[in-house]
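Input: a single structure, listed below in structure tokens.
4 protein chains.
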Amino acid sequence: MRFFSDNAASVHPSVLAAMAACNSVDTAYDGDALSKSLDGVMSDLFETEVTALWVTTGTAANSLALASLCPPYGSILCHRDAHIQNDECGAPEFYTHGAKLALIEGDGAKITSEALADKLTATPGGVHWAQPHALSITNATEYGRVYTPAEVGALGEVAKAHGLGFHMDGARFANALVTLGCAPADVTWRAGVDVLSFGFTKNGGLSTECLVYFDREKAKGVAERRKRAGHLLSKGRYLAAQVIALLQDDVWLTNARAANEGAKKLGAACGHRLFQPVEANEVFARMTPDDAAKLRAQGFDFYDWADGEVRFVVSWDQPAAEIDAFAAAIAVL
Amino acid sequence: MRFFSDNAASVHPSVLAAMAACNSVDTAYDGDALSKSLDGVMSDLFETEVTALWVTTGTAANSLALASLCPPYGSILCHRDAHIQNDECGAPEFYTHGAKLALIEGDGAKITSEALADKLTATPGGVHWAQPHALSITNATEYGRVYTPAEVGALGEVAKAHGLGFHMDGARFANALVTLGCAPADVTWRAGVDVLSFGFTKNGGLSTECLVYFDREKAKGVAERRKRAGHLLSKGRYLAAQVIALLQDDVWLTNARAANEGAKKLGAACGHRLFQPVEANEVFARMTPDDAAKLRAQGFDFYDWADGEVRFVVSWDQPAAEIDAFAAAIAVL
Amino acid sequence: MRFFSDNAASVHPSVLAAMAACNSVDTAYDGDALSKSLDGVMSDLFETEVTALWVTTGTAANSLALASLCPPYGSILCHRDAHIQNDECGAPEFYTHGAKLALIEGDGAKITSEALADKLTATPGGVHWAQPHALSITNATEYGRVYTPAEVGALGEVAKAHGLGFHMDGARFANALVTLGCAPADVTWRAGVDVLSFGFTKNGGLSTECLVYFDREKAKGVAERRKRAGHLLSKGRYLAAQVIALLQDDVWLTNARAANEGAKKLGAACGHRLFQPVEANEVFARMTPDDAAKLRAQGFDFYDWADGEVRFVVSWDQPAAEIDAFAAAIAVL
Amino acid sequence: MRFFSDNAASVHPSVLAAMAACNSVDTAYDGDALSKSLDGVMSDLFETEVTALWVTTGTAANSLALASLCPPYGSILCHRDAHIQNDECGAPEFYTHGAKLALIEGDGAKITSEALADKLTATPGGVHWAQPHALSITNATEYGRVYTPAEVGALGEVAKAHGLGFHMDGARFANALVTLGCAPADVTWRAGVDVLSFGFTKNGGLSTECLVYFDREKAKGVAERRKRAGHLLSKGRYLAAQVIALLQDDVWLTNARAANEGAKKLGAACGHRLFQPVEANEVFARMTPDDAAKLRAQGFDFYDWADGEVRFVVSWDQPAAEIDAFAAAIAVL
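Residue numbers (our numbering), protein chains in the order written: chain A, 525 to 857; chain B, 525 to 857; chain C, 525 to 857; chain D, 525 to 857.
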């Protein structure tokens, strides 16, 4: 029973069906009707005119976005625990051609607007210190925490005041959204976000994320960057189909809701062990190696986060029986 | 009726079936059983121990291979018409961090061993001129021409004598192979090739190519480079499944044979218009704009290669009726 | 007697004197009075407001300029024989992060506006082919040929019409100027040039070139790029001093004139051997290996340009006796 | 009176004299006798066969060294306060093509071998987290602290055990050495250092540092990287001359000793304000803005290091009267 991560879950049946449905010859790259419809689909969802591109991975989506926002000689402000800092083998540095990530502390992998302002104040000007050009936050965060529209908006104001581009890594954007209950627009462009990496792979997709530029000027060059990174698939319609299938009938929200609810169950079972509130589909708990071993002996697989800390992730397709069994096993530790 | 390219053809049913068959949770990235089997599958096919990795696009496969063979300050010898030079928006330069492509002339987009030797002789030594570190050829070439094992072997000898890594862009490797009728090993590592971009997408796959390192030492770092380029998909099993499905029961060869035979029919119809022999699934013919317009008026779509030159490409799934109709239409021009 | 190149000549006494004169503690980097005066000095010389920076080498100056004009995914149009293509070990690719150099043919290493327009017409649009963003020419060229203001202006018009940035490599700008007899402005910004690499090292300097941005908007980021390339010297005043010393009393023009006149003498001695007119301080002549050997046996050092072709370069400090002796030796071959 | 930094001090007369002495035509780049002698000169000094190259700045020297030790997908371990992290505008990222700097804490900008080992233990393996390939320390450090041979040796052992290349930023290597009183070899290659950025500019030079490779295998490609970074000056002899002039008659040690002794005087005057021991030519003291203002009002210029902290740097050429006056002014605060 895999609570290790949500990144290898199964693919939603509607996604496979949609891929099968486009299995006839069409225009290559992103010239097909599905790919061309993405701008419109996302503009409708976000209630504003956007530029949207499919990308196969979150790492590529994040890095393309950051390359749009930061020159090679600049720096990108992000949380010390950000995925872009720790888990992408230097992909942002590759795509931006060497921009620096400047790290900010904060509980739950969240950056407060005060911490952002302090960091900016503490950064010397001039040409010796790489100057900040962008801010990147993750929603939901690497600790399964959620930024509210107000929190994002406060960051967006500081960002705008300092001329920073504003990127949101939304690998688990759906999970954040069902917790927030707000419109997608509220926690993105209305709060100052310029570009969103809108994740689908963890949430029922096969291999697709969607880059959404709310500031369409900033999309300049992204198509070329995607091509030269080898991310312009010739049969792009199968990627666009995934995105569209998941948006259809709110499958993406249904999937995220299921995962979040499972996580809440596990969180409740963890009780005082919890060291982060459960706001999405991840659970962070203190646990001795002995207790962790006991759970593993019962067939539960999960991640050792740090010394005495574990992480459980619930996937969209996690059977209720698995979740209940895991919750019970945790409760009796 | 699309004879524009083979890059947007449909996906072979066995590929979709194989993808559906792996639709349950598994280990992420390339830790699943299918991905882990690729080394063995390719080692069997090529009759030697290889390191094999799935990659989503040919551009990424080529660029990763070149980054394995050439340092940022070196140059890569290739044909003036090579895909890596003209059609990848500088992807080799991106992945190699600025290596130069040094261009060689040759009929049919083929490089002869003499032309290679001449180019090397004409290249000044020292630190001012970027020194050659790699040779890249395409088989079948951008003109649908095929290198024989003897021709590749002659190039391989020159490459080895000059310490060059040797890459083969095999976007249409299957098409070359069915024409050659030799073992895959004969035209690759036995002829000196170090790395092959083994193409599947144009030949019935959805989004997968396979990087095959015959010189396994040269694979050092490629996993890291793939990750930081955003090409390590979390659900990699769906890529491995495509490769394996196409190799199963020689689907890949059957597909390529069908495409090649279609091209031969069109080539025969072209007669004296042909300016390149048809050795794979591409046909290059001289044609006035008027004649081209007549064909298009009948619903045939194809590529204007150059002034007075057109290209037809036959895909693996091209209906016989389309091919016959196109051949007839060409013949009566 | 060295006619091999002008790149290792001695340093003009006024330059050494100026360097000695600033030998007391001052503000570091480019905060000293001399460095800060460069904008004004160059604005006066070019009769327009410019942004000017010292740089230690022509390679760095050219590459910084190109990085200002071309994104990583673009291409730079230049002559096949350009220094940036052949003699800088991929420096433009390094500084631009992988932009491609797209090569144009032309006699005397000169690009005509027709050839430029043809190249642009022949370049496919879209994201597959790296799109042209800049034009770079060398004046005087690698064949010692000079572009007139009219020729530069014609190129500038094509460049502007296609949205290309326009760079001039002026490693031997002084030599071109004394031949042209025009104002520096006439052959640069008045003719559409955006950035000039203004060379001093070959013309009496020790280690300094000056980047001159006529389009000051395009200078955005160049200070940061210079710093991160390690070219922001802490004792920058010694570089600024070189530039100013050479401009003082027209030393730069006097030096260039001396070199050009020497070259003309050698050119006259070459007679029918000449295959390029002598327009600056370089002489290109046909010569058998035997004849070349005879000259070398008499102590004359020069460059084998190509099979049966040699290059002589006269330096600003070349003694008249050396030039006369060389001319005589050539004449009696 | 400038105690702001030692980076803009005057140039030692013997350096200017040596530069004037080589003011006649010679072979270009590093083909002249002085440049060619550098390997031997440094091999003698370090009592082992080394490869040595002149470079104009410390930033370039450091970055070239790091590019020799770390692939683009790796990371470089260094102190949080390291010059390469804070003061080079991303130069290491530029030259390494995007390697990450992984930061370690430690008093006085020193890394202990325990802290290094801990950092390595805490770094997850695999392709997601950039893997450490190099260690870089600064001696004397950014806090004017000195690593002893034993300390460097302990770091070297950890580095070697983990396969890390080991770089020493020796911008103030001379200052460290006169404090240590050991042989240059003792604190470098005998302690496991692979490459040293040997600083001369801060210590009486005009614009020269020397890259010294103790592990000569690791120098592979550095000449090409230097060229494509635009750091291969055509008149290289004037750089080599600076290095040689400073080594002659131990000028470099004499200069460093003078600076260190001045710093000791200031340190003594600071008394309890000191928060770092004075081990080289830098003094770090706690000071209220009021006190700092009082000193500045008397004509003393220095750096505000952090809130309530100041830095004084004594240069090799600092007049004794200035030092005494400053010490007196501090003492009476």
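C-beta atoms are modelled at their ideal positions from N, C-alpha and C, and glycine is treated no differently.
- request: Say whether chain E places a C-beta atom closer than 8 angstroms to the C-beta of His691 of chain B.
  value: Absence of chain E from the displayed structure is noted, the protein chains being A, B, C and D.
task: Closer than 7 angstroms by beta-carbon distance: list the chain B residues that pair up with Lys624 of chain C, in chain order.
output: The residue you call residue 624 of chain C lines up with position 100 of the third sequence. By Cβ distance, chain B contributes Gly614, Glu617.
task: Identify which residue in A:Arg761, A:Trp840, A:Glu806, A:Lys726 has its Cα closest to the Cα of Ala557 of chain A.
output: Locating residue 557 of chain A in the first sequence gives position 33, where the first residue counts as 1. Nearest option by C-alpha distance: A:Arg761.
- prompt: Roughly how many angstroms separate the alpha carbons of Ser592 of chain C and Thr703 of chain C, rounded to a whole number?
  reply: Residue mapping note: residue 592 of chain C aligns to position 68 of the third sequence, counting from 1. Residue mapping note: residue 703 of chain C aligns to position 179 of the third sequence, counting from 1. If you take the alpha carbons of Ser592 of chain C and Thr703 of chain C, they lie about 29 angstroms apart.
query: How close, in whole Å, do the beta carbons of Ala865 of chain A and Leu588 of chain A come, if the pair is a contact with beta carbons under 8 angstroms?
result: The first residue shown for chain A is 525 and the last is 857, placing residue 865 of chain A beyond what the model contains.
task: Would you please verify whether the beta carbon of Leu577 of chain A is less than 8 angstroms from any beta carbon of chain C?
output: The residue given as residue 577 of chain A occupies position 53 in the first sequence. For Leu577 of chain A, the answer is no, since every Cβ of chain C falls outside 8 angstroms of its Cβ.
query: Is the shortest distance between the beta-carbon of Thr778 of chain C and the beta-carbons of chain D less than 8 angstroms?
result: For the purposes of this step, residue 778 of chain C is taken as the residue at position 254 of the third sequence. Cβ-Cβ to chain D under 8 angstroms: no for Thr778 of chain C.
- request: May I have the straight-line CA-CA distance separating Asp586 of chain D from Tyr597 of chain C, to the nearest angstrom?
  value: Within the fourth sequence, the letter at position 62 stands for residue 586 of chain D. Within the third sequence, the letter at position 73 stands for residue 597 of chain C. According to the sequence displayed, residue 586 of chain D carries Asn and not Asp. Cα to Cα, Asn586 of chain D sits roughly 28 angstroms from Tyr597 of chain C.
query: Straight-line CA distance for Leu644 of chain C to Leu577 of chain A?
result: Mapped onto the third sequence, residue 644 of chain C falls at position 120. Mapped onto the first sequence, residue 577 of chain A falls at position 53. So the alpha carbons of these two residues sit roughly 28 angstroms apart.
- prompt: In the structure shown, what three-state DSSP assignment does Gln655 of chain D receive?
  reply: What you label residue 655 of chain D is simply residue 131 of the fourth sequence in a count that begins at 1. Looking at Gln655 of chain D - three-state DSSP - the assignment turns out to be strand.
message: Considering only the alpha carbon of each residue, which of D:Phe799, D:Val807, D:Val775, D:Leu771 lies closest to Thr784 of chain D?
response: The count along the fourth sequence starts at 1 and reaches residue 784 of chain D at position 260. Note that residue 784 of chain D corresponds to Asn in the displayed sequence, not to Thr. The residue with the shortest Cα to Cα distance from Asn784 of chain D is D:Val807.
message: Quick test of the definition: if touching needs 3 or more C-beta pairs under 8 angstroms, does the segment 653 to 673 of chain B touch the segment 617 to 637 of chain B?
response: yes
task: Could you have a look at Asp718 of chain B and say whether DSSP puts it in helix, strand or coil?
output: Position 194 of the second sequence, counted from the first residue, corresponds to residue 718 of chain B. Looking at Asp718 of chain B - three-state DSSP - the assignment turns out to be coil, as it is neither helix nor strand.
query: Which residue spans inside the segment 663 to 697 of chain A form an unbroken beta strand (DSSP E) run of at least 3?
result: 689 to 694
- prompt: Going by DSSP, what residues sit across from Phe808 of chain B in a beta bridge?
  reply: As a position in the second sequence, residue 808 of chain B is number 284, starting the count at 1. B:Arg835, per the DSSP bridge assignment.
query: Does DSSP put Ser592 of chain B in a helix, a strand or coil?
result: Mapped onto the second sequence, residue 592 of chain B falls at position 68. Secondary structure of Ser592 of chain B (DSSP, three-state): helix.
field: Alpha-carbon to alpha-carbon, Ile628 of chain B and Leu857 of chain B
entry: Translated into positions along the second sequence, residue 857 of chain B becomes position 333. Translated into positions along the second sequence, residue 628 of chain B becomes position 104. C-alpha separation (whole angstroms): 36 angstroms.
message: Once DSSP output is grouped into helix, strand and coil, what is the label at Tyr597 of chain B?
response: Reading the second sequence from its first residue, position 73 is the one you call residue 597 of chain B. Coil, per DSSP.
message: Between which two residues does the beta strand (DSSP E) holding Leu577 of chain C run?
response: Along the third sequence, one-based indexing puts residue 577 of chain C at 53. Unbroken beta strand (DSSP E) run through Leu577 of chain C: 575 to 579.
field: Host beta strand (DSSP E) of Asp828 of chain A (start-end)
entry: As a first step, residue 828 of chain A is located in the first sequence; it is residue number 304 there, counting from the start. Start and end: 827 to 830.
message: Quick check on this structure: which residue in D:His607, D:Pro616, D:Gly622 has the alpha carbon closest to the alpha carbon of Gly614 of chain A?
response: On the first sequence, position 90 is the one that residue 614 of chain A refers to. Closest in C-alpha terms to Gly614 of chain A, from the list D:His607, D:Pro616, D:Gly622, comes D:Gly622.
field: C-beta contact flag for Ala674 of chain A and Arg696 of chain A at 8 angstroms
entry: Locating residue 674 of chain A in the first sequence gives position 150, where the first residue counts as 1. Locating residue 696 of chain A in the first sequence gives position 172, where the first residue counts as 1. Not a contact, by the Cβ cut-off of 8 angstroms.
- request: State whether the segment 834 to 847 of chain C contacts the segment 702 to 722 of chain D, with contact taken as three or more CB pairs (one from each stretch) at a distance under 8 angstroms.
  value: no
- request: Measure from the C-beta of Gly677 of chain A to each C-beta in chain B and report whether the shortest distance is under 8 angstroms.
  value: Here residue 677 of chain A refers to the residue found at position 153 of the first sequence. So no, Gly677 of chain A is outside the interface.
task: Please state if the CB of Ala584 of chain C and the CB of His691 of chain C are separated by a distance shorter than 8 angstroms.
output: The residue you call residue 691 of chain C lines up with position 167 of the third sequence. The residue you call residue 584 of chain C lines up with position 60 of the third sequence. No.
- request: List the residues of chain B whose Cβ lies closer than 7 angstroms to the Cβ of Ser534 of chain A, in chain order.
  value: In the first sequence, counting from the first residue as 1, residue 534 of chain A sits at position 10. Going along chain B in sequence order, the residues near Ser534 of chain A (Cβ under 7 angstroms) are Asn547, Ser548, Val549.
query: Roughly how many angstroms separate the alpha carbons of Asp774 of chain A and Gly729 of chain A, rounded to a whole number?
result: One-based indexing of the first sequence puts residue 774 of chain A at position 250. One-based indexing of the first sequence puts residue 729 of chain A at position 205. Rounded to whole angstroms, the gap between the alpha carbons of Asp774 of chain A and Gly729 of chain A is 13 angstroms.
- prompt: Is it true that the CB of Asp605 of chain A sits closer than 8 angstroms to the CB of Glu666 of chain A?
  reply: As a working mapping, residue 666 of chain A is identified with position 142 in the first sequence. As a working mapping, residue 605 of chain A is identified with position 81 in the first sequence. Against a cut-off of 8 angstroms, the Cβ pair of Asp605 of chain A and Glu666 of chain A comes out as a contact.
message: Short of 7 angstroms in beta carbon distance, which residues of its chain neighbour Trp713 of chain C, apart from the five on each side in sequence? Order them along the chain.
response: Translated into positions along the third sequence, residue 713 of chain C becomes position 189. The answer, listed in chain order, is Phe570, Thr572, Phe738.
message: Quick check: what's the CA-CA separation for Ala821 of chain A versus Phe836 of chain A?
response: The residue labelled residue 821 of chain A in the question sits at position 297 within the first sequence. The residue labelled residue 836 of chain A in the question sits at position 312 within the first sequence. Going by the C-alpha atoms only, they are around 16 angstroms apart.
task: Note down, in chain order, all residues in the segment 730 to 754 of chain C with a beta-carbon under 8 angstroms from any beta-carbon belonging to chain D.
output: Leu730, Ser731, Glu748, Lys751, Arg752, Ala753, Gly754
message: For a quick check, are the C-beta atoms of Asn727 of chain B and Ala700 of chain B less than 8 angstroms apart?
response: If you number the second sequence from 1, residue 727 of chain B lands on position 203. If you number the second sequence from 1, residue 700 of chain B lands on position 176. Taking 8 angstroms as the Cβ cut-off, Asn727 of chain B and Ala700 of chain B do not qualify as a contacting pair.
- request: Report the neighbours of His621 of chain C on chain A: residues whose CB is nearer than 7 angstroms to its CB, in chain order.
  value: As a working note, residue 621 of chain C is residue 97 in the third sequence. Listed by position along chain A, the residues whose Cβ is nearer than 7 angstroms to that of His621 of chain C are Pro596, His621.
query: So, helix, strand or coil for His536 of chain B, using DSSP?
result: Here the question's residue 536 of chain B lines up with position 12 in the second sequence. Note: His536 of chain B maps to coil in three-state DSSP.
task: Please check if any C-beta of chain C sits within less than 8 angstroms of the C-beta of His652 of chain A.
output: Residue 652 of chain A sits at position 128 when you count from the first residue of the first sequence. For His652 of chain A, the answer is yes, since a Cβ of chain C falls inside 8 angstroms of its Cβ.
field: Environment of His796 of chain C [buried if 16+ CB atoms lie within 10 Å]
entry: Here residue 796 of chain C refers to the residue found at position 272 when the third sequence is read from its first residue. Classification for His796 of chain C: exposed.
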